[in-house]
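Accompanying notes for the structure given below.
Numbering (UniProt numbering), first residue to last: 1 to 168.
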C-alpha cells in the first residue's frame, strides 16, 4: 500500500474544514486590519535608520494578512471530500467557550495578582482543558514557560509585566 499523494495536489478536505479555514482567515484578517488601524498614532522615531515601534505591528499584521490570503487561496483550490467525521457536539463548543472565559479571567486577574501568578494558573488550567491531565507536569510546564516569558520580557526586552495590586 502506498502513501503517495493523489495526483492533482492532495486528497482534499471536508466542507466543514474548508469553512473553518475560511472563517479563521477572515477573522484574522479583520484583527490584523484593526491592529494596523489602531497603531497609526504610535510614536515615530527621530532616527532615520531606526524602524521605531510604529513599524513592528504594521509588519506583523501585514505578514498575517498575506498568510491568511495564502490560506484562503489554498482552501478554495482544495477539492471537497465527503465528511465522515462525527460532529463536534456541545462538549467541544463548551471547551472552546471555557478556554475563552479562562483567557478573559486571566487578563482580569493580572491586574490584582500580577502576571506570574495569573499566567501559571491559566496555563495549567488550559493544559488540563486541552486534555493534558498530568498533576505533575501541568504545573511544572506552566511555571517554566511563565518564567521564561517573564525573564525574556523583563530582562532581555526591558518590558515591565504587571505585578498586581496585591503585591505592590
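Don't be surprised by glycine CBs; every beta carbon is placed ideally from N, CA and C. None of these values were measured; they are calculated from a predicted model.
Just to confirm my understanding: we take residue i, look at its own chain, exclude 5 residues before and 5 after, and list those with CB closer than 8 angstroms. What are they?
i: residue 80; result: 12, 13, 14, 15 and 18
I need the boundaries of the alpha helix (DSSP H) containing residue i, first residue and last residue.
i: residue 18; result: 15-38
i: residue 161; result: Run containing residue 161: none; DSSP gives neither H nor E here.
i: residue 133; result: Segment: none, residue 133 is in no alpha helix (DSSP H) and carries neither H nor E.
i: residue 75; result: 55-77
Relative to the alpha-carbon of residue i, which residue among the options has its alpha-carbon at the smallest distance?
i: residue 99; options: 131, 141, 166 and 68; result: 131
i: residue 161; options: 92, 82 and 110; result: 110
i: residue 22; options: 82, 69 and 64; result: 69
My assumption, with CB atoms under 8 angstroms, is that residue i sits in contact with residue j. Please give the rounded CB distance.
i: residue 143; j: residue 120; result: 6 angstroms
i: residue 36; j: residue 58; result: 6 angstroms
i: residue 113; j: residue 164; result: 5 angstroms
i: residue 39; j: residue 54; result: 6 angstroms
Which same chain residues, not among the five before or five after residue i, have their C-beta less than 7 angstroms away from its C-beta?
i: residue 116; result: 146 and 150
Here's the rule: buried if 16 or more other CB atoms are within 10 angstroms of the residue's CB, otherwise exposed. What is residue i?
i: residue 1; result: With a pLDDT of 44 at residue 1, under the threshold of 50, the modelled position of that residue is not reliable, and the figure given next carries that caveat. Residue 1 is exposed by the Cβ-count criterion.
i: residue 27; result: exposed
i: residue 92; result: exposed
i: residue 32; result: buried
i: residue 128; result: exposed
i: residue 122; result: buried
i: residue 25; result: buried
i: residue 104; result: exposed
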